[in-house]
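Colleague: Please see the structure below; I have some questions.
In this note's numbering, the protein residues as written are 4 to 246.
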């Protein structure tokens, strides 16, 4: 599920700027999920297998375990939690095919990897000189959409133009990763999983001001929402489509 993340687990430390956190970056083909299917007990072969609602009900022990383990966003109402659980059963006909706690563990690895990559000296060098093609740029192309990557490049270009020359993430605390929403394509061919992160970033930013080199360190506590997309139900391959 997270082969790209685990393949490149060792990356230099870096930091994410507020500009990066707030901007959307969606798939180039928005029609794939233009019609979002909410929970429905109907399916093409409903006569030969249990309804989505019945499958979710039969799997209630897992739902209770997930809820107890804080898989869902802390401020989410119980009815929405149950709806999201049912939608997962709709997307994956075989309930053993999905494991959201395992997915969230991988999502935290992805968050860590992306932050340490985009705030590395190598990524900043590629931002300053677009002719540079390094491992950091190639990695991001593999795990996120081109729109996401372009957003990051443009965001860092602005900060470099304003005098920032280096970023160092000395410590990243991921205090929580929660399932916040689920959306399914009308034809059930793909799924979006929304993840809410609770993080604390210990960051040093270096730059120049009036000809002098200055460094500022801070701890930034924040929540962010990332969206991951994959085809379903087989051959899961997650792509970051929003940060």
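For glycine and all other residues, C-beta sits at the position ideal for the given N, C-alpha and C.
By the 10 Å Cβ neighbour count, where 16 or more other Cβ atoms means buried, how is residue 245 classified, buried or exposed?
Modeller: buried
Colleague: My understanding is that residue 74 touches residue 181, with C-beta atoms under 8 Å, so please give their C-beta distance in whole angstroms.
Modeller: Indeed, because the Cβ distance is near 7 Å, the residues count as touching under 8 Å.
Colleague: Using the three-state DSSP reduction, which class does residue 147 fall into: helix, strand or coil?
Modeller: strand
Colleague: Apart from the five residues on each side of it in sequence, which residues of its chain come closer than 6 Å, Cβ to Cβ, to residue 1?
Modeller: Here the chain has residues from 4 to 246 only, and residue 1 is not among them.
Colleague: On the CB-based measure, 16 or more other CB atoms within 10 Å of its CB, does residue 247 come out buried or exposed?
Modeller: Residue 247 lies beyond the stretch modelled for the chain, which goes from 4 to 246, so this question has no answer here.
Colleague: Would you mind listing the beta strand (DSSP E) stretches within the segment 118-205 that are 3+ residues and don't spill past its ends, in chain order?
Modeller: 167-187
Colleague: Can you look up residue 109 in the DSSP assignment and give me helix, strand or coil?
Modeller: helix
Colleague: Terminal residues of the continuous beta strand (DSSP E) containing residue 215?
Modeller: 215-234
Colleague: How many angstroms separate the CA atom of residue 31 from the CA atom of residue 151?
Modeller: Low confidence applies here, because residue 31 scores a pLDDT of 38, under 50, leaving its location unreliable; read the following figure in that light. Between residue 31 and residue 151, the C-alpha separation is close to 10 Å.
Colleague: Output needed for residue 177: all residues of its chain with C-beta closer than 6 Å, excluding positions within five of it in sequence on either side, in chain order.
Modeller: 111, 202
Colleague: Whole-angstrom Cβ separation of residue 76 and residue 183, contact assumed at under 8 Å?
Modeller: 5 Å
Colleague: Relative to the C-alpha of residue 204, which candidate in 235, 122, 211, 135 has its C-alpha closest?
Modeller: 122
Colleague: Am I right that residue 231 and residue 114 are in contact with their C-beta atoms under 8 Å? What's the rounded C-beta distance?
Modeller: Not quite, the Cβ-Cβ distance comes to about 11 Å (not below 8 Å), so this is no contact.
Colleague: Looking only at its own chain, which residues have a Cβ that is under 8 Å from the Cβ of residue 107, when we skip the five neighbours before and after it?
Modeller: 74, 180, 181, 182, 198
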